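This report concerns only the one structure given below.
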């Protein structure tokens with residue numbers, strides 16, 4: 001098991017959710033926001049929102065609300081997403097293509113620096129306007145790019161090999177969509193995304209009443 | 210905010226993870242499993258695994274391990290995934306197509322009963338061997354299917370409308386991939402999947418040291 005995070009993971013997930021809503025408020029030209037409005041936007045209760053902000057010490061003023069820009073920068077700084085970060089995307093199939101097209105990359109200041117695949121039919125082509133490189137070149141190309149984050153949108157049997165290449169290339173954080181537990185050296189963090197697990201959780205929730 | 214779950218969500222997520230590994234062990238003909246082996250398979254520590262099983266009362270025997278089949282059925286019964294459940298998939302684009310092709314639907318006994326889209330070019334066609342129906346027919350067709358679970362693999366601007374149709378059709382649980390908070394009536398559960406949020410969490414984790 002990976003070592004603990006200083007801020008509990010559920011709090012980190014909520015903070016990431018807030019940051020997105022704050023970005024949207026900022027784009028819409030809104031300068032202050034109340035915890036009640038944040039509840040409307042995120043689905044996280046106003047009480048939980050105020051509690052989560054205690055990670056920064058107190059800085060909201062009752063009745064005035066929070067400064068959108070200030071709050072957004074503080075959370076972004078905490079999550080270390082204030083500067084642009086290059087991300088490597090491995091897998092140019094349906095899933096990879098859907099992820100590339102997903103809105104919001106820019107809100108979190110992630111940039112897809114390179115897309116890789118091992119399918120000769122895809123290598124050298126484009127997906128959503130991005131060039132597809134040979135997955136055999138991950139180490140070589142990341143020497144230039146210097147990305148620390150990799151996304152695995154590959155079939156389960158390929159995932160471990162890809163993870164190995166990404167780690168060799170200097171990546172220390174992986175988001176894995178393949179339904180397989182990745183073996184990685186200590187110091188490498190993996191976030192596993194499994195929508196079937198979410199469906200199973202949902203099944204419990206809708207039947208518990 | 211939705212009402213609380215009787216079993217904490219992180220525990221439900223771990224239980225869903227165990228059930229998948231147990232299915233795989235069962236398929237491989239394995240009859241017993243130790244908490245240490247489960248740690249290898251799932252990445253959840255043996256101690257946490259044993260603790261999670263306390264939701265069922267004690268039934269492992271020290272040194273003997275757990276009966277794979279028995280444990281799998283107990284967890285499946287708890288999560289209410291022991292009987293096959295039909296699921297409605299809305300969105301037949303890249304993401305929907307990737308989700309349909311995702312391995313493991315059967316392990317959780319979910320079955321994609323119908324795929325919907327609003328694109329005239331897709332309606333009447335097939336995606337991964339499944340017929341694509343007009344999204345305008347969700348209510349009509351679910352009167353027959355009786356699904357309680359819907360997956361939203363649609364663009365953000367379409368998500369709220371689709372959610373409304375699914376709820377009208379009798380769905381009480383939604384898994385939403387669109388980066389938008391869905392407004393749903395009380396009693397409807399929503400699980401939000403956001404890989405960009407996971408990337409932001411990852412950014413914190415890899416930089417915290």
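Protein chains in written order, with the numbering used here: chain A, 1 to 209; chain B, 210 to 418.
Ideal placement from N, C-alpha and C gives every residue a C-beta, glycine not left out.
Quick caveat: nothing in here was measured; it's all calculated off a predicted structure.
Got a sec: is the Cβ-Cβ distance from residue 377/B to anything in chain A below 8 Å? Not closer than 8 Å to any Cβ of chain A, the Cβ of residue 377/B fails to qualify, so no.
Tell me which residue opens and which closes the beta strand (DSSP E) that residue 343/B is part of. 339-343 is the extent of the beta strand (DSSP E) around residue 343/B.
8 Å contact criterion, which residue 250/B and residue 26/A should meet: CB distance rounded: So it is not a contact: roughly 44 Å between Cβ atoms.
Of the residues that make up the segment 353-376 of chain B, which ones have a beta carbon closer than 7 Å to any beta carbon in chain A? Answer in chain order: 357, 358 and 365.
Beta-carbon proximity list for residue 19/A, same chain, < 8 Å, skipping 5 on both sides: Excluding residues within five positions, the ones whose Cβ falls inside 8 Å are 72, 75, 76, 79, 81, 107 and 108.
Taking Cβ positions only, does residue 299/B come closer than 8 Å to chain A? No, its Cβ sits nowhere closer than 8 Å to a Cβ of chain A.
Residue 176/B, DSSP secondary structure in three states: Chain B is shown from 210 up to 418; residue 176/B falls before or after that span and cannot be answered.
With a CB to CB cut of under 7 Å and the five nearest residues on each side skipped, what residues in its chain are close to residue 39/A? A distance below 7 Å between beta-carbons, with the five flanking residues on each side excluded, links residue 39/A to the following residues of its chain, in chain order: 45, 46 and 49.
When Cβ atoms are compared, which residues of the segment 396-417 of chain B fall closer than 7 Å to chain A? The segment 396-417 of chain B vs chain A, Cβ under 7 Å: 398, 400, 402, 404, 405, 406, 407, 408, 409, 410, 411, 412, 413, 414, 415, 416 and 417.
Please classify residue 357/B: does DSSP put it in a helix, a strand, or coil? In this structure, DSSP gives residue 357/B a state outside helix and strand, which the three-state scheme calls coil.
Considering only the alpha carbon of each residue, which of 415/B, 232/B and 321/B lies closest to residue 188/A? Of 415/B, 232/B and 321/B, the residue nearest in Cα terms is 415/B.
Residue 94/A versus chain B: which residues are under 8 Å apart at the beta carbon? What residue 94/A touches in chain B: 303, 304, 306, 307 and 310.
Can you pull the chain A neighbours of residue 319/B, defined as C-beta to C-beta under 9 Å? The answer, in chain order, is 196, 199, 200 and 203.
For residue 378/B versus residue 358/B, is the C-beta distance shorter than 8 Å? Their beta carbons are not under 8 Å apart, which means residue 378/B does not touch residue 358/B by this criterion.
How close, in whole Å, do the beta carbons of residue 356/B and residue 322/B come, if the pair is a contact with beta carbons under 8 Å? The Cβ separation is near 6 Å, so the contact holds.
Within the segment 87-116 of chain A, note down every full beta strand (DSSP E) run reaching 3 residues or more, in order along the chain. As far as the segment 87-116 of chain A is concerned, it has no whole beta strand (DSSP E) run of at least 3 residues.
Do residue 388/B and residue 403/B come within 8 Å of each other at the CB atom, strictly closer than that value? Result yes, Cβ atoms of residue 403/B and residue 388/B sit closer than 8 Å.
By the criterion of Cβ-Cβ separation under 9 Å, what are the contact partners of residue 290/B in chain A? Going along chain A in sequence order, the residues near residue 290/B (Cβ under 9 Å) are 199, 200, 203 and 204.
Proximity to residue 353/B [Cα-Cα], best of 262/B, 272/B and 296/B: Selection 262/B, 272/B and 296/B evaluated against residue 353/B yields 296/B as nearest (Cα-Cα).
Is it buried or exposed for residue 417/B, if we count other Cβ within 10 angstroms and need 16 for buried? By the 10 Å Cβ count, residue 417/B comes out exposed.
Does residue 370/B come out as helix, strand or coil in the three-state DSSP assignment? Reduced to three states, the DSSP call for residue 370/B is helix.
Are residue 176/A and residue 303/B touching if we call contact CB-CB under 8 Å? In this structure, residue 303/B does not lie closer than 8 Å to residue 176/A by Cβ.
Please list, in chain order, the chain A residues whose beta carbon lies closer than 8 Å to that of residue 334/B. Correct list: empty, because the minimum Cβ distance to chain A is about 15 Å.
With a threshold of 8 Å between beta carbons, is residue 221/B in contact with chain A? Nearest CB-CB separation between residue 221/B and chain A: below the 8 Å threshold.
Contacts that residue 9/A makes with chain C (C-beta to C-beta distance below 9 Å): In summary, chain C is missing from the structure at hand, where the protein chains are A and B.
Buried versus exposed, by CB contacts within 10 Å (16 or more), residue 54/A: Here residue 54/A is exposed. Its C-beta has fewer than 16 other C-beta atoms within 10 Å.
Out of 51/A, 104/A, 99/A and 17/A, which one is the CA nearest neighbour of residue 128/A? It is 99/A.
Can you confirm whether residue 35/A, when its beta carbon is compared against all beta carbons of chain B, has any partner nearer than 8 Å? Put simply, the CB of residue 35/A is far from chain B, with every gap to its CB atoms at 8 Å or more.
Helix, strand or coil for residue 167/A, going by three-state DSSP, please let me know. The answer is helix: DSSP assigns residue 167/A an H, G or I state.
For the alpha helix (DSSP H) holding residue 202/A, just list the boundary residues, first then last. Residue 202/A -> alpha helix (DSSP H) spans 195-207.
Who are the neighbours of residue 225/B on chain A, taking C-beta pairs under 7 Å? Going along chain A in sequence order, the residues near residue 225/B (Cβ under 7 Å) are 197, 200 and 201.
I'd like to know if residue 57/A contacts chain B, where contact means its C-beta is closer than 8 Å to some C-beta of that chain. The beta carbon of residue 57/A sits no closer than 8 Å to any beta carbon of chain B.
Taking just the CA atoms, how far does residue 369/B sit from residue 393/B? Approximately 9 Å, taken between the alpha carbons.
Based on the DSSP secondary-structure assignment, which residues constitute the bridge partners of residue 173/A? In the DSSP output, where bridge partners are listed per residue, residue 173/A has 149/A and 189/A.
In three-state DSSP terms, what is residue 293/B? DSSP places residue 293/B in coil when its eight states are reduced to three.
Among 292/B, 298/B, 275/B and 215/B, which residue has its Cα nearest to the Cα of residue 246/B? Relative to residue 246/B, the option among 292/B, 298/B, 275/B and 215/B whose CA is nearest is 275/B.
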